[in-house]
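Protein sequence lines, in the order shown, are assigned to chains X and Y.
Going by my numbering, the letters in the first sequence line up with residues 1 to 228, in that order.
Going by my numbering, the letters in the second sequence line up with residues 229 to 456, in that order.
For glycine and all other residues, C-beta sits at the position ideal for the given N, C-alpha and C.
Here the structure is a predicted model, which means the values were calculated and not measured.
There are 2 protein chains.
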Amino acid sequence: MKGITFQKPLYEQVYEDIKDNILTGKLAPGSRIVSGQLAEQYQISRTPLREALRQLQIEGLLENDKAGLRVVKIDAKDFEELCDCRLYLEKEVIRLVAEEATDDQLQEINKVLEHSEKEINSEGSNHKKILELNAEFHRLVIDCCSNKRLIQLVNQVRSVLLIYRGMILRDESHNKEILEEHKMIFNSITERDKERAAEAIEMHLTNDKIRGNKMLDQGRQDTSEKSL
Amino acid sequence: MKGITFQKPLYEQVYEDIKDNILTGKLAPGSRIVSGQLAEQYQISRTPLREALRQLQIEGLLENDKAGLRVVKIDAKDFEELCDCRLYLEKEVIRLVAEEATDDQLQEINKVLEHSEKEINSEGSNHKKILELNAEFHRLVIDCCSNKRLIQLVNQVRSVLLIYRGMILRDESHNKEILEEHKMIFNSITERDKERAAEAIEMHLTNDKIRGNKMLDQGRQDTSEKSL
DNA sequence: TTGTGACAAATTGTTGACACTTTTCAAATA
DNA sequence: TATTTGAAAAGTGTCAACAATTTGTCACAA
């Protein structure tokens, strides 16, 4: 719960806040969602809150087992399915991007990569900052794609996958590896080589899946539950 | 407006009814949606209605230009984008299906195809029935796929594309052509040939796109008046 | 111990009213 | 005539209360 201010409608504000809480793990996977309780926390009525919950449900971040709403508890199989969907979609995105990206856009992306590299090799090596830069890289690449509907689908899948982010990305050991993969992707779209770009993204996302599964296995040991 | 009965929550009933009205063209693309008016039509309050509208909006059947909700008015570019997305996704679906479909499932699909063929070659040749059988074919094929998330994405894209259905499928001239394409798809998944199946679905959906564009062009001429 | 049934509590679904914003449109004025 | 303006209308967002449904629980009988 945080300071909700005005301007945007309430249902949108709470939507964003709840979503954020889910993705950062403040609302743990599997925990019950009770509209009345949340409404009280946010000090608003249930009407806008229900709209927010509905949106999250349709987007796949909440699910409706018998007996109410829960934060999705994704298992290994579901994780695989989502990763596969992401791969199918991003492969097509990257093919389009390799054709369509303007030089300006490429330069922008390159800047992020350079920034990222500097951060990784520096002393302080701010892990959180690096994660942000990685996200920025993907965002910039995807936004070069002209098929808006395709972008929407990719973002949808990614947003569900982000539930794992808090769990997965605690591991700093892969930062360099990931940077190299990003560079390969960037180089192939710079050279307008669609198929090499597709291969590069396949390798990257496959590795992501492996890295994710490793974390999931680790996480499976401690089955601690918490709420709020 | 039709008889809404009990059991399911109202927001779900109206959701289904409005969606149906959009997909059958009773609510024309581009028309304004005003929550108060609809609520009065359905004789319910605005709260459940708003939830239904929100859901339709998230699913992409309604859109929010400044000054309110409208039924999505898809243009040729958007139609292309959606068709492309459908192709990307269904290609992967069909690859999985070619691996995973059980013999029982294949037999079920075959039955629909035979039924379809008989209907097309018969005298009465009920066009509506044929359309239903075509839809059934796709539904059965997709349901063989084990990746539930992928199925969800495909259905989402297809549901938006269905807005055109009423416009496009008035044309009976392609029934045989479509049946042949379906047979090709079926044969290749029966032979467990992933790549041939992917090619077959690509051809099918590409043709669908062409058929759709033709109808769209026709529709564009008679902004005023003209008959089939 | 195991049902069972009925009462209480919790939660979701729905309503009508109200606050606020935007649009419309016509009278008033330059 | 053209422009301003300002009040009514229309629409959205929000609330608090109520209705309906589900869930929990506990005394009591078999």
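Inclusion of LEU251(Y) and ARG393(Y) in the CB contact set at 8 Å is warranted, their separation being smaller than that value. Annotation for GLN57(X): GLU63, ASN64 and LEU69 place their beta carbon closer than 8 Å to its own, counting only its chain and skipping 5 residues before and after.
For ASP65(X), the uninterrupted beta strand (DSSP E) segment begins and ends at 62–65. Within a 10 Å sphere around the beta-carbon of SER116(X) sit 16 or more other beta-carbons, which makes this residue buried.
Residue pairing from DSSP leaves LEU281(Y) without any beta-bridge partner. The DSSP assignment places 376–389 as complete runs of the alpha helix (DSSP H) inside the segment 356–394 of chain Y, in order along the chain (cut-off: 4 residues).
Collapsing the DSSP output to three states places ILE261(Y) in a strand. Within chain Y, the residues ARG282 and ILE286 have their CB atoms less than 7 Å from the CB of GLN55(X), given in chain order. Contact check for GLU199(X) against ARG282(Y) fails: the beta carbons are separated by 8 Å or more. When C-alpha distances from HIS204(X) are compared across LEU87(X), ILE142(X) and ILE74(X), the shortest belongs to LEU87(X). At a C-beta separation below 7 Å, LYS148(X) has these neighbours in chain Y: GLU309.
Interface residue (Cβ-Cβ distance to chain X less than 8 Å): GLU279(Y) is classified as such. Interface residue (Cβ-Cβ distance to chain X less than 8 Å): GLU320(Y) is classified as such. The beta carbon of PHE137(X) is closer than 6 Å to those of VAL112 and HIS182 in its chain, skipping five residues each way along the sequence. For LYS404(Y), the CB contacts under 8 Å within the same chain, skipping 5 residues up- and downstream, are ILE348 in chain order.
Relative to ASN441(Y), the option among ARG323(Y), LYS422(Y), ASN249(Y) and ASP399(Y) whose CA is nearest is ASP399(Y). Annotation: CYS144(X) has no Cβ neighbours in chain Y at a cutoff of 9 Å; minimum Cβ distance is about 15 Å. Contact check for ASN134(X) against ILE178(X) passes: the beta carbons are separated by less than 8 Å. Taking 8 Å as the CB threshold, THR47(X) lines the interface with chain Y.
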